[in-house]
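Engineer: Take this structure first; my questions come after.
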Amino acid sequence: MPIKLSFYGGAQEVTGANYLLECGPDARSGRPAIKLLVDCGLFQGAKTAEDENRRPFPYNPSEIDALFVTHAHLDHIGRIPKLVRDGFSGKIFSTGPTRDFAELSLIDSLGILTKEARRENKETFYSKEDVEKAMSLWEVLEYDEMFSLKDAEITLRDAGHILGSAMVEMKVEDKKILFTGDLGNPPVPLLKRPYEPKDIDYLIIESAYGDKEHEPEESRKIKIERAIEKAILNKGVLMVPAFSLERTQQLLYEINDLVENNHIPAVPIFLDSPLAIKMTDVYKKYESFYNKKAKFIISSGDDVFNFPGLKMTLTTEESKAINEVPPPKVVIAGAGMSTGGRIIHHEKRYLPDKNSILLIIGYQAAGSLGRQLVEGVREVKIFGEEVPVNAEVVSIRGYSAHADTNGLFDFVDEISEKLKKVFVVQGEARASLFFSQRVRDYLAKEAVVPKLGDTFELV
Ligand SMILES: [Zn+2]
């Protein structure tokens, strides 16, 4: 029986990951049909994304046996509530952290979608009830624990991308198929290195950085240390826009190390993001997922996300009270690209102050306030007001959560022995095409870049 693999997202684009694997039924052997999905992500960024997210699924969700979720970034989970709304009633499987992060992210994302929909006089494409129904279908699997569903065997493997991230390994009809999800870029704080798979026949690999090499990592911790010291010396405010998931926890982990080892003087540090605070609580629940170094620090009695001076401000009142605390102080808040969230209140207040510092970690998309600030504009508009930028803007390249073209290549090289075909996904067309060419040229393996809606037979 041929196995069919279809690409309904993440094809020649980074976002919207959604893959369908089908097999059977086989009348002769009496085998039932099996239909498995991997990821059900939100389309993001492009002008057409909103329409794509609302479009009906190109398959019947009620016929799907199960959905396997690689990790909790929205471009991998964002349409799960819609899948449920459209009739899916199978089981959803992921690791524990992915399940918990997903619940927080989907509710948070619904809040943002609701605001956008209201502006355009539309309904959102899923509701809180759909999220609740999705969570009731969701079950947790451990890494490396084989799970049988009809004739398929499925195993989640550590992908080292964010906490709880997994590759999905499927064995169907003696063929081993591996979906990488997003692949990590070791070493990073807290996370283990990605698992090294064996005997893979078909590989579906991400390619966000398929045509790029990461620049050598700057000594990030030293730069963070310097920024904090400078803010203290100037009696200014250090503002750090940070993503709620992974980036914030890495930052806390590093500041914890600086504080506990007396590298920086005592200073009030605020984590001013309800979502990031809740995400951090999930981290604390899953210490067994940490790498050896983090586990060792914890075993010595240290709480890696808490240190003297840190205050988590959950409520609006607590957040506003930060204003009453005289500088120097450090404020970490979302959104990571200053596109919303509490950080912009602090930016409005302190960007005009020449003693303050804005520390930008990681990628800032074109058009975002964060991008304007990185590019050095001297005046920005916040809540309709012109705000002069007198604060110093410091930007550090963060740890990339993705493998670069060399990391991806090495990954394929390591498992290339049995490989029959490589499908390159989750990258812009240019990145995916470049990487597929590299695999063909240097590993002599068949490699394709599927288009949205393409179906392949795995023979
Ligand atoms: Zn991701």
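Just so we're aligned: the sequence shown equals residues 47 to 505 in our numbering.
Every residue, glycine too, gets a C-beta built ideally from N, C-alpha and C.
On a predicted model such as this, the values are computed, not experimentally measured, just so you know.
Here's a check: name, in chain order, each residue in its chain whose Cβ is nearer than 6 Å to the Cβ of residue 235, leaving out the five neighbours to either side.
Structural biologist: Excluding positions up to five away in sequence, the list reads 296, 299.
Engineer: Assuming residue 333 and residue 343 are in contact, meaning their beta carbons sit under 8 Å apart, how far apart are those beta carbons, in whole angstroms?
Structural biologist: Residue 333 to residue 343, Cβ: 10 Å. No contact.
Engineer: Taking the continuous beta strand (DSSP E) assigned at residue 313, which residues delimit it?
Structural biologist: Taken as a continuous stretch (DSSP letters only), residue 313 belongs to no beta strand (DSSP E), as it is neither H nor E.
Engineer: Starting from the Cα of residue 126, find the closest Cα among 143, 88, 97 and give me that residue.
Structural biologist: Per the Cα distances, 88.
Engineer: What residues in its chain sit with their C-beta under 6 Å from that of residue 424, if we drop five residues either side in the sequence?
Structural biologist: These residues qualify, in order along the chain: 435.
Engineer: Using a threshold of 7 Å, is the CB atom of residue 309 nearer than that to any non-hydrogen atom of ligand 1?
Structural biologist: Not so, every heavy atom of ligand 1 lies at least 7 Å from the Cβ.
Engineer: Just to confirm the assignment, what range does the beta strand (DSSP E) spanning residue 305 have?
Structural biologist: Careful: residue 305 lies outside any beta strand (DSSP E), inside the alpha helix (DSSP H) at 293-306.
Engineer: Could you check whether residue 229 and residue 246 sit closer than 8 Å to each other, using their CB atoms as the reference points?
Structural biologist: In this structure, residue 229 does not lie closer than 8 Å to residue 246 by Cβ.
Engineer: Apart from the five residues on each side of it in sequence, which residues of its chain come closer than 7 Å, Cβ to Cβ, to residue 66?
Structural biologist: Taken in chain order, the residues that qualify are 52, 54, 81, 83, 105.
Engineer: For the beta strand (DSSP E) that residue 175 lies in, which residues bound it at each end?
Structural biologist: Careful: residue 175 lies outside any beta strand (DSSP E), inside the alpha helix (DSSP H) at 174-183.
Engineer: Should residue 210 and residue 477 be called a contact, given that it needs their Cβ atoms to be closer than 8 Å?
Structural biologist: No. Outside cutoff.
Engineer: Label residue 429 either buried or exposed according to how many other C-beta atoms from any shown protein chain fall within 10 Å of its C-beta, with 16 as the threshold for buried.
Structural biologist: So residue 429 counts as exposed.
Engineer: Look up residue 434 in the DSSP assignment and give the residues it is bridged to.
Structural biologist: Its beta-bridge partners are 425.
Engineer: Quick check: the Cα distance between residue 454 and residue 244, rounded to an integer number of angstroms?
Structural biologist: Straight-line Cα distance between these residues: approximately 16 Å.
Engineer: Where does residue 461 sit, in a helix, a strand or coil, going by DSSP?
Structural biologist: DSSP places residue 461 in coil when its eight states are reduced to three.
Engineer: Around ligand 1, what residues have a beta-carbon under 6 Å from a heavy atom of it, in chain order?
Structural biologist: Result: 117, 119, 207, 228.
Engineer: Given a cut-off of 8 Å on the beta-carbon distance, is the pair residue 389 and residue 441 in contact?
Structural biologist: Contact flag unset, no.
Engineer: Spatial neighbours of residue 348 within its chain, please: C-beta separation below 8 Å, excluding the five flanking residues on both sides.
Structural biologist: 302, 306.
Engineer: Is DSSP giving residue 290 helix, strand or coil here?
Structural biologist: Looking at residue 290 - three-state DSSP - the assignment turns out to be coil, as it is neither helix nor strand.
Engineer: Tell me, which residues are paired with residue 72 by DSSP?
Structural biologist: Answer is 77.
Engineer: In chain order, what residues of the same chain have a beta carbon less than 6 Å from the beta carbon of residue 446, not counting five sequence neighbours either side?
Structural biologist: Cβ neighbours of residue 446 beyond the five flanking positions: 231, 260.
Engineer: Is there contact here, the region 139-147 with the region 85-102, by at least three beta-carbon pairs under 8 Å?
Structural biologist: At 8 Å Cβ cutoff, the stretches do not touch.
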